[in-house]
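Residue numbers (the numbering used here), protein chains in the order written: chain P, 2 to 290; chain H, 14 to 46.
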């Protein structure tokens with residue numbers, strides 16, 4: 002006989018677990034956008050020995066307009082409307098409650114974009130779309146023409162979409178920029194941990210567009226690995242960042258996905274159905290000086 | 014006796030009993046379906 006507690010999906014207990022899961026999932030990423038909780042689909046609590054309970058949670062998440070590098074708290078971010086091609090994440094999350102403290106121990110996520118037809122709406126394009134990337138680089142040049150002595154380079158293209166209008170294809174692109182080191186005509190993103198970064202939104206055509214960039218400094222800390230190689234990573238680096246299959250924009254996907262799988266303890270509470278069938282070993286913790 | 018027991022708030026019911034648990038989940042939609 003298995004005892005299962007079924008609290009209400011909108012109970013404070015379920016909400017606490019769901020918001021913790023949301024924050025944990027968002028913290029796994031250095032790419033893409035933050036996700037906000039849309040609905041708690043289900044929750045089960047398996048009481049264990051010594052007061053250790055196991056929570057199994059199903060949540061529905063929606064993509065916001067805040068990039069993961071944006072310091073804005075996710076609660077203050079705007080969920081992308083459906084007509085802007087909403088991206089949804091369905092996640093099964095396993096948590097443990099020990100001594101009254103909840104922690105995430107495993108999760109599995111599927112990320113999908115809305116497939117609803119909408120005539121005249123912006124449609125997501127693959128992140129390696131050549132024409133759209135031309136638009137991105139043209140708009141970056143516009144930006145660099147207005148930044149004085151500082152030149153910025155693209156760190157990541159987050160989203161590109163297009164809309165058919167009378168003048169042709171109008172683009173809407175979002176990308177992350179960082180200060181660049183330039184030699185002759187070649188500029189590369191700097192590795193300076195104190196470099197200024199920004200999230201830019203460009204809209205229009207290659208010949209004429211409007212551009213808005215939100216600039217910020219992300220606190221970075223040096224990380225020394227076993228080979229004494231120093232790299233800069235954001236404060237509170239992701240515990241895990243597993244990409245399986247063809248997930249990066251080099252493969253032409255239309256959006257950045259949630260980390261599909263994290264199951265270091267091989268929890269049997271995660272459901273069978275998933276896009277990610279294999280178990281991926283978790284990288285060991287990195288020492289932070 | 015072999016049926017799993019589901020505790021719903023203060024009410025304990027059998028999983029094979031009334032479909033009461035169906036009405037408590039999923040929760041509310043915060044943005045859109």
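Here a beta-carbon is modelled for each residue, glycine too, at the ideal position from N, C-alpha and C.
Shown here, residue 136 of chain P sits in a helix according to DSSP, grouped into three states. If you compare the alpha carbons of P/94, P/124 and P/123 with that of residue 110 of chain P, the shortest gap goes to P/94. Taking a contact as a CB-CB distance under 8 Å, the pair residue 19 of chain P and residue 41 of chain P counts as one, their CB atoms being some 5 Å apart. Listed in chain order, the positions of the segment 37-48 of chain P with a beta carbon within less than 8 Å of a beta carbon of chain H are 37, 38, 39, 40, 41, 42, 43 and 44. In terms of Cβ geometry, residue 162 of chain P and residue 86 of chain P form a close pair [threshold 8 Å]. Look at residue 131 of chain P here: in three-state DSSP terms it is helix. Exclusion of the five residues before and after residue 169 of chain P leaves 206 as the residues of its chain whose Cβ lies within less than 8 Å of its Cβ. Counting along the chain, residue 24 of chain P sits inside the alpha helix (DSSP H) bounded by residues 13-27.
Residues of the same chain with a CB within less than 7 Å of the CB of residue 133 of chain P, apart from the 5 flanking positions on each side, are 126, 161, 163, 172 and 174 in chain order. Listed by position along chain H, the residues whose Cβ is nearer than 7 Å to that of residue 83 of chain P are 45.
Under the three-state reduction of DSSP output, residue 141 of chain P falls in the helix class. For the pair residue 153 of chain P and residue 179 of chain P, the CB atoms are nearer than the 8 Å cut-off. Residues of chain H whose Cβ lies closer than 7 Å to the Cβ of residue 11 of chain P are, in chain order, 40 and 41. In the displayed model, residue 267 of chain P falls within coil according to three-state DSSP, outside both helix and strand. P/88 is the residue among P/88, P/5, P/191 and P/31 whose C-alpha sits nearest the C-alpha of residue 256 of chain P.
Boundaries for residue 46 of chain H: no beta strand (DSSP E) harbours it, and the DSSP string shows neither H nor E there. Taking C-alpha positions only, residue 36 of chain P is separated from residue 183 of chain P by approximately 35 Å.
Judged by beta-carbon spacing, residue 28 of chain P lies beyond the 8 Å limit of residue 271 of chain P, meaning their Cβ atoms are not closer than that value. Non-local C-beta neighbours of residue 17 of chain P in its own chain, meaning closer than 8 Å and more than five positions away in sequence, comprise 103, ordered along the chain. Spanning the alpha carbons of residue 71 of chain P and residue 211 of chain P requires a straight line of approximately 21 Å. Nearest in C-alpha terms to residue 188 of chain P, of all of P/24, P/156, P/267 and P/216, is P/156. Using beta-carbon distances, residue 160 of chain P does not count as an interface residue toward chain H, since no partner is under 8 Å. Under the three-state reduction of DSSP output, residue 151 of chain P falls in the coil class, being neither helix nor strand. No Cβ of chain H is located within less than 8 Å of the beta carbon of residue 23 of chain P. Going by beta carbons, residue 63 of chain P and residue 39 of chain P fall inside the 8 Å limit. Of the other Cβ atoms in all chains shown, fewer than 16 fall within 10 Å of the Cβ of residue 131 of chain P; this residue is therefore exposed.
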